[in-house]
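Novice:
Numbering (the working numbering), first residue to last: 1445 to 1958.
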């Protein structure tokens, strides 16, 4: 989960829908989306105390578990305790109310209406999730109020006053919304809700929770394999679509292509110009709502007050129309966010993995998980081609030998440092220089120290447990024409230490992270 958060933790939803249910355990989870627009779990907790201090502890502990990396954007329900805690712990993180959680809470407040009108739930859901245009949303809302006689309902009047904080039509909630109106966090919670009853054994829940997380990872692997087998279908032979179709994952490109389709019906009118800045008023043909788009010819930047790029990470139809109007036929690369691309999990050149420095067990566990993810991805891609397979097999053999040499060298250094007396330190330094020089040649492929490394047939079955990780890295002997088989044990639940009874409210909080 730490690895997933490192790649896709820019937008996080704090899902408390299960915790607000009186018939289930107080389960909360941090959820995001991967580059295939699939829900991915970053962390989870049982929060038996829903005070502000408990929520502060929850958010603070989550950020600490993720090596201090804070999300850029976070969604939660409208409950004052959660909102206050988020603002206190993450003051620089943008916050908005999650439309789906708002929908669930509204249904509780309007239970009498739900029981009286069979069609109300469908009409209400359509208002919440079914409209991306403000005019369409307001029209549907008025129709719902009139149809069910709710014009003076206090709760709905409050909801409408706060509409810009949650309504999909205002752009802030579209990150987790599918085209059919389904909220991706909703799907996650539905999978877990049946195992959160007070009569369900906790161990049974954890097993189910682990299977749900493993299914997430398997679906991502399937999607990664599928995108290498077929190219996305372009709706038109447009230059503006070519680069995104090659760079985005298929699901991400589908979102981008929908914006391109919308831009075909947008009308552009220039309303201002100053130096390299050009202001445009744009609107969809037949609609009255206008948006302001600013284009800078000096640096090629474009921005729209609908804020879709800032909230979701895709250029909106208004910005795409202005780029086309300015004869910009290729989307600038800085508007193709890496988190939505096929290479989202590949570390950019010049960047390095960061690991917690205070706990060696955590360092080893995090490195192990990171490497397993990369090896699985290499295996999945290399298996598609005989040539790629043979290349990967040779490279993995060489990597394994290089790793063994490095570890042998480190062990040699530690043993030498322990045994050498003060009078022998000078000689030891000379020996080290000689060995380091030899080590460079060895890593380049010379065979002067081949006897230090067991060959593949000697690497039988390694069942040693890596500290902090359940299941070791198993390397089995394979025929010469096959690749080394790599197997990983199941993931581990790393729980925070039980707090002392005197620490309130931590006595009622247990965080579970991976």
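Glycine residues also receive a C-beta, built at the ideal position from the N, C-alpha and C atoms.
(1) Look at the alpha carbon of residue 1620 and the alpha carbon of residue 1477, and state the distance between them as a whole number of angstroms.
(2) What is the DSSP secondary structure of residue 1542, counted as helix, strand or coil?
(3) My understanding is that residue 1562 touches residue 1588, with C-beta atoms under 8 Å, so please give their C-beta distance in whole angstroms.
(4) Return the bridge partner residues of residue 1494 from the DSSP annotation.
(5) Let me know if residue 1813 comes out buried or exposed under the rule of 16 or more other beta-carbons within 10 Å of its beta-carbon.
(6) Identify whether residue 1627 lies in helix, strand or coil by the three-state DSSP scheme.
(7) What are the partner residues of residue 1456, as DSSP defines its beta bridges?
(8) Please state the DSSP three-state secondary structure of residue 1609.
(9) At what residues does the beta strand (DSSP E) containing residue 1723 begin and finish?
(10) Taking its Cβ as the centre, do 16 or more other Cβ atoms sit within 10 Å of residue 1660, making it buried, or is it exposed?
(11) Per DSSP, what kind of secondary structure is residue 1843 in: helix, strand or coil?
(12) Tell me whether the beta-carbon of residue 1724 lies closer than 7 Å to the beta-carbon of residue 1737.
(13) Provide the residue(s) that pair with residue 1738 in DSSP beta bridges, ordered along the chain.
(14) Can you tell which of 1482, 1832 and 1837 has its C-alpha closest to the C-alpha of residue 1695?
(15) Following the continuous alpha helix (DSSP H) through residue 1570, name the residue where it begins and the one where it ends.
(16) So what does DSSP say about residue 1716, is it helix, strand or coil?
(17) Report the three-state DSSP secondary structure of residue 1487 (helix, strand or coil).
(18) List the whole-angstrom C-beta distance separating residue 1499 from residue 1537, where the pair is believed to meet the contact cut-off of C-beta under 8 Å.
(19) Should residue 1718 go down as buried or exposed, given a rule of 16 or more other Cβ atoms within 10 Å for buried?
(20) What residues in its chain sit with their C-beta under 6 Å from that of residue 1691, if we drop five residues either side in the sequence?
(21) Which residue or residues does DSSP assign as beta-bridge partners of residue 1474?
(22) So what does DSSP say about residue 1525, is it helix, strand or coil?
(23) Taking residue 1749 as the reference, which of 1741, 1742 and 1733 has the closest Cα?
(24) Please list the terminal residues of the continuous alpha helix (DSSP H) segment that includes residue 1782.
(25) Rounded C-beta distance between residue 1594 and residue 1519? I'm assuming under 8 Å.
(26) Going by C-alpha to C-alpha distance, which of 1507, 1517 and 1469 sits closest to residue 1455?
(27) Measuring CB to CB, does residue 1610 end up less than 7 Å from residue 1543?
(28) In the DSSP assignment, find the unbroken alpha helix (DSSP H) run with residue 1765 in it and report its ends.
(29) Which of helix, strand or coil does DSSP assign to residue 1692?
(30) Going by beta-carbon coordinates alone, are residue 1471 and residue 1487 separated by less than 7 Å?
(31) Let me know the secondary structure DSSP gives residue 1446 once reduced to three states.
(32) Any idea if residue 1479 is buried or exposed, counting beta-carbon neighbours within 10 angstroms, 16 or more meaning buried?
(33) Buried or exposed for residue 1501, please, with buried defined as at least 16 other CB atoms from any protein chain shown within 10 angstroms of its CB.
(34) Comparing alpha-carbon positions, which option in 1504, 1591 and 1639 lies nearest residue 1462?
(35) Between residue 1656 and residue 1714, what straight-line distance do the alpha-carbon atoms span, to the nearest angstrom?
(36) At a cut of 8 Å, does the segment 1549-1560 reach the segment 1595-1603 through at least three beta carbon pairs?
Specialist: So, to answer that:
(1) Within the chain shown, residue 1620 is the residue found at index 176, counting from 1. Within the chain shown, residue 1477 is the residue found at index 33, counting from 1. Going from the Cα of residue 1620 to the Cα of residue 1477 covers about 8 Å.
(2) In the chain shown, residue 1542 corresponds to position 98, counting from 1. Of the three classes helix, strand and coil, the one that applies to residue 1542 here is coil, per DSSP.
(3) To locate residue 1562, count along the chain shown from 1; it is residue 118. To locate residue 1588, count along the chain shown from 1; it is residue 144. 14 Å between Cβ atoms; not a contact.
(4) On the chain shown, residue 1494 is found 50 positions in, with the first residue counted as 1. The partner list for residue 1494 (beta bridge, DSSP) is empty, contrary to what the question assumes.
(5) In the chain shown, counting from the first residue as 1, residue 1813 sits at position 369. Buried is the call here.
(6) Sequence index remark: in the chain shown, residue 1627 carries index 183 (1-based). Strand at residue 1627.
(7) Against the chain shown, residue 1456 aligns to sequence position 12. 1518, per the DSSP bridge assignment.
(8) Residue numbering aside, residue 1609 sits at position 165 when the chain shown is read from its first letter. Residue 1609 falls in the helix class under three-state DSSP.
(9) In the chain shown, residue 1723 corresponds to position 279, counting from 1. Unbroken beta strand (DSSP E) run through residue 1723: 1721-1728.
(10) Here residue 1660 corresponds to residue number 216 of the chain shown, with the count starting at 1. Its Cβ being crowded by 16 or more others within 10 Å, residue 1660 is buried.
(11) Against the chain shown, residue 1843 aligns to sequence position 399. The answer is helix: DSSP assigns residue 1843 an H, G or I state.
(12) Indexing the chain shown from 1 puts residue 1724 at position 280. Indexing the chain shown from 1 puts residue 1737 at position 293. Yes, the Cβ-Cβ distance between residue 1724 and residue 1737 is below 7 Å.
(13) Taking the first residue of the chain shown as 1, we reach residue 1738 at position 294. Residue 1738 pairs with 1723 and 1747.
(14) For the purposes of this step, residue 1695 is identified with residue 251 of the chain shown, where counting begins at 1. The option with the nearest alpha carbon to residue 1695 is 1482.
(15) Here residue 1570 is taken as the residue at index 126 of the chain shown, counted from 1. Its alpha helix (DSSP H) spans residues 1564-1573.
(16) Here residue 1716 refers to the residue found at position 272 of the chain shown. In this structure, residue 1716 counts as strand in the three-state DSSP scheme.
(17) Position 43 of the chain shown, counted from the first residue, corresponds to residue 1487. Correct three-state label for residue 1487: strand.
(18) Working through the chain shown from its first residue, we reach residue 1499 at position 55. Working through the chain shown from its first residue, we reach residue 1537 at position 93. Residue 1499 to residue 1537, Cβ: 14 Å. No contact.
(19) Position 274 of the chain shown, counted from the start, is the residue given in the question as residue 1718. Burial call: exposed.
(20) Within the chain shown, the letter at position 247 stands for residue 1691. Once the five neighbours on either side are set aside, the close Cβ partners of residue 1691 are 1780 and 1785.
(21) As a first step, residue 1474 must be located in the chain shown, where it is residue number 30. Paired residue(s): 1458 and 1487.
(22) In the chain shown, residue 1525 corresponds to position 81, counting from 1. Residue 1525 falls in the helix class under three-state DSSP.
(23) Here residue 1749 refers to the residue found at position 305 of the chain shown. Checked all of 1741, 1742 and 1733; the closest Cα to residue 1749 is 1733.
(24) Numbered from its first residue, the chain shown carries residue 1782 at position 338. Unbroken run through residue 1782: none, as it is neither H nor E.
(25) Start at 1 with the first residue of the chain shown, and residue 1594 comes out as number 150. Start at 1 with the first residue of the chain shown, and residue 1519 comes out as number 75. Contact flag wrong, Cβ pair sits at about 26 Å.
(26) In the chain shown, residue 1455 corresponds to position 11, counting from 1. Cα-wise, what sits closest to residue 1455 is 1517.
(27) Residue mapping note: residue 1610 aligns to position 166 of the chain shown, counting from 1. Residue mapping note: residue 1543 aligns to position 99 of the chain shown, counting from 1. Yes.
(28) Start at 1 with the first residue of the chain shown, and residue 1765 comes out as number 321. Start and end: 1761-1769.
(29) Your numbering for residue 1692 matches position 248 in the chain shown. In this structure, residue 1692 counts as strand in the three-state DSSP scheme.
(30) Here residue 1471 corresponds to residue number 27 of the chain shown, with the count starting at 1. Here residue 1487 corresponds to residue number 43 of the chain shown, with the count starting at 1. The answer is no: Cβ separation not under 7 Å.
(31) Walking along the chain shown from the start, residue 1446 turns up at place 2. Residue 1446 falls in the helix class under three-state DSSP.
(32) Within the chain shown, numbered from 1, the residue matching residue 1479 stands at position 35. Result: buried.
(33) Here residue 1501 is taken as the residue at index 57 of the chain shown, counted from 1. It counts as buried.
(34) Translated into positions along the chain shown, residue 1462 becomes position 18. Closest by alpha carbon: 1639.
(35) Your numbering for residue 1656 matches position 212 in the chain shown. Your numbering for residue 1714 matches position 270 in the chain shown. If I take the Cα positions, the gap works out to 51 Å.
(36) yes
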